[in-house]
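Undergrad: Residue numbering for the sequence shown follows my numbering, starting at 4 and increasing by one per position. No residue lacks a Cβ here, since even glycine has one placed at the ideal position from N, Cα and C.
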Amino acid sequence: MPRLDRTAATLALLSALSSGACTAKERAPLASSGGTGASAGSASGGTSGSGAQGGLGGAPGDCPAFADAETTGNLESVELTEASGIVASRKHAGVLWLHNDSGDSARVFAASTTGKHLGTFTLAAVQAVDWEDIAMGPGPIPNADYLYLGDIGDNAAQRPEIRVHRVLEPMVSSGQSPVTVSISDVETFVLSYEDGAHDAETLLVDPVSGELLIVTKQAVGPSLVFRAGPLPSGGGSLTLTQTNSLAFGVSPLLGSNLTTAGDISASGAFIAIRSYTHAFLWRRGPGQSVSAALAGEPCPIPLLLQPQGESLGFAGDGQGYYTVSEGTGPPLHFYARE
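1) Using a Cβ-Cβ cutoff of less than 8 Å, which residues in the same chain neighbour Ser187 once the five nearest sequence positions on both sides are dropped?
2) Going straight from the alpha carbon of Arg162 to that of His201, what length do you get?
3) If we call anything under 8 Å between Cβ atoms a contact, is Pro305 one with Tyr279?
4) Using the three-state DSSP reduction, which class does Ala72 fall into: helix, strand or coil?
5) Could you tell me which uninterrupted alpha helix (DSSP H) segments, each at least 4 residues in length, are contained entirely in the stretch 290-331, listed from first to last along the chain?
6) Return the bridge partner residues of Gln245 from the DSSP annotation.
7) What first and last residue would you give for the beta strand (DSSP E) that runs through Arg277?
8) Could you check what DSSP says for Glu190 in three-state terms: helix, strand or coil?
9) Could you give the first and the last residue of the continuous beta strand (DSSP E) run that contains Pro334?
10) Compute the Euclidean distance between the alpha carbons of Ser115 and Leu241, then round it to the nearest angstrom.
11) Is Gly224 buried or exposed, if buried means 16 or more other CB atoms sit within 10 Å of its CB?
12) Helix, strand or coil for Ile137, going by three-state DSSP, please let me know.
13) Check the C-beta distance from Gly156 over to Val167 and give it rounded, since I have them as a contact under 8 Å.
14) Pick helix, strand or coil for Thr183, following the three-state DSSP scheme.
15) Is it true that the CB of Gly213 sits closer than 8 Å to the CB of Gly140?
16) If Thr246 and Ser294 are in contact, beta carbons under 8 Å, what's the gap, nearest whole angstrom?
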């Protein structure tokens with residue numbers, strides 16, 4: 004997110020505190036979230052346990068339960084100071100992929116789940132305008148995982164085209180020494196919205212269908228969901244078509260109306276989207292599209308209030324999710340499935 008828009012994040016946090024969206028337990032971590040405590044309270048927007056209702060069938064007990072945030076470590080890299088996207092490797096245990104916000108070069112960082120710096124990977128011949136999110140998904144090689152880097156930020160809503168870059172996930176071990184690598188094999192998808200420019204910070208890639216989805220960040224009105232794909236091999240130009248409208252900031256999607264990140268679990272069964280103050284999960288049935296799942300009832304899930312929270316990514320096994328804030332040496336937070 005460009006610096007001129009950071010005031011919105013601060014206002015969202017203050018609004019959540021003053022409106023009563025956060026309990027006294029939840030307010031304390033906001034001032035101390037840079038620490039390394041074992042656990043912290045979180046704003047869930049409602050009950051996240053087994054008694055929550057809604058979604059497939061709407062019966063009590065449908066919503067999965069997640070524990071409050073546990074700090075697993077702090078990001079070690081001194082160059083990763085504005086983390087704006089996070090995704091967990093599904094093939095390399097204990098490995099996370101992250102990137103900086105706008106103003107950095109076209110590079111992605113590998114870190115362990117305890118924050119250890121594992122490497123810096125630069126996308127050769129790629130210009131970064133405003134990278135806002137990262138996703139994991141399928142690609143041309145069967146059964147291989149690919150990283151998707153979303154250059155989708157547009158605070159002024161004036162970019163006629165945005166870009167998503169796809170690269171084969173590099174081989175990384177959670178115990179390795181840091182490496183510096185240049186990636187030359189990059190597929191670039193040039194995307195345009197069917198109705199004109201939008202700002203966005205949430206990129207989703209369906210592990211089942213391979214389609215790409217973007218959730219817009221709206222200062223006023225509902226967030227719009229657009230899709231494209233499945234994506235062709237080698238990159239190309241595509242039009243994003245609207246599929247859904249999600250009214251963040253009002254019930255049942257309480258809290259801030261500014262969406263900042265999201266992810267789809269490796270199995271495709273869970274879809275999560277966060278704002279600055281709250282996070283929600285949608286369940287997806289067999290054979291159901293992501294768009295159809297997002298039309299269902301959301302489940303509120305725990306989210307620690309962070310100074311600048313713009314990241315959320317499911318663990319590789321789907322048994323929890325990670326968040327991290329921008330800043331120098333920020334703590335990694337993990338929410339385990341119960």
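TA: In terms of the structure at hand:
1) For the purposes of this step, residue 187 is taken as the residue at position 184 of the sequence shown. Within the same chain, Cβ atoms closer than 8 Å to the Cβ of Ser187 are found at Ala127, Ala128, the five residues on either side in sequence being excluded.
2) Translated into the one-based positions of the sequence shown, residue 162 becomes position 159. Translated into the one-based positions of the sequence shown, residue 201 becomes position 198. The alpha-carbon atoms of Arg162 and His201 are separated by roughly 8 Å.
3) By 1-based counting over the sequence shown, the position of residue 305 is 302. By 1-based counting over the sequence shown, the position of residue 279 is 276. Cβ distance not < 8 Å, so Pro305 and Tyr279 don't count as in contact.
4) Counted from its first residue, the sequence shown places residue 72 at position 69. Ala72: strand per DSSP, three-state reduction.
5) 293-297
6) On the sequence shown, residue 245 is found 242 positions in, with the first residue counted as 1. Listed as beta-bridge partners of Gln245 by DSSP are Phe229.
7) Here residue 277 is taken as the residue at index 274 of the sequence shown, counted from 1. Note, Arg277: beta strand (DSSP E), 273-278.
8) Position 187 of the sequence shown, counting from 1, holds the residue named residue 190. Three-state result, Glu190: strand.
9) Mapped onto the sequence shown, residue 334 falls at position 331. Taken as a continuous stretch (DSSP letters only), the beta strand (DSSP E) holding Pro334 covers 334-339.
10) The sequence position of residue 115 within the sequence shown is 112, counting from 1. The sequence position of residue 241 within the sequence shown is 238, counting from 1. Rounded to the nearest angstrom, the two C-alpha atoms are 34 Å apart.
11) The residue labelled residue 224 in the question sits at position 221 within the sequence shown. When all chains shown are included, Gly224 counts as exposed.
12) Within the sequence shown, numbered from 1, the residue matching residue 137 stands at position 134. Of the three classes helix, strand and coil, the one that applies to Ile137 here is strand, per DSSP.
13) Against the sequence shown, residue 156 aligns to sequence position 153. Against the sequence shown, residue 167 aligns to sequence position 164. About 12 Å; that fails the 8 Å criterion.
14) Here residue 183 is taken as the residue at index 180 of the sequence shown, counted from 1. In this structure, Thr183 counts as strand in the three-state DSSP scheme.
15) In the sequence shown, the residue the question calls residue 140 occupies position 137. In the sequence shown, the residue the question calls residue 213 occupies position 210. Cβ atoms of Gly140 and Gly213: closer than 8 Å.
16) The residue labelled residue 246 in the question sits at position 243 within the sequence shown. The residue labelled residue 294 in the question sits at position 291 within the sequence shown. Indeed they touch by this definition, with Cβ atoms about 4 Å apart.
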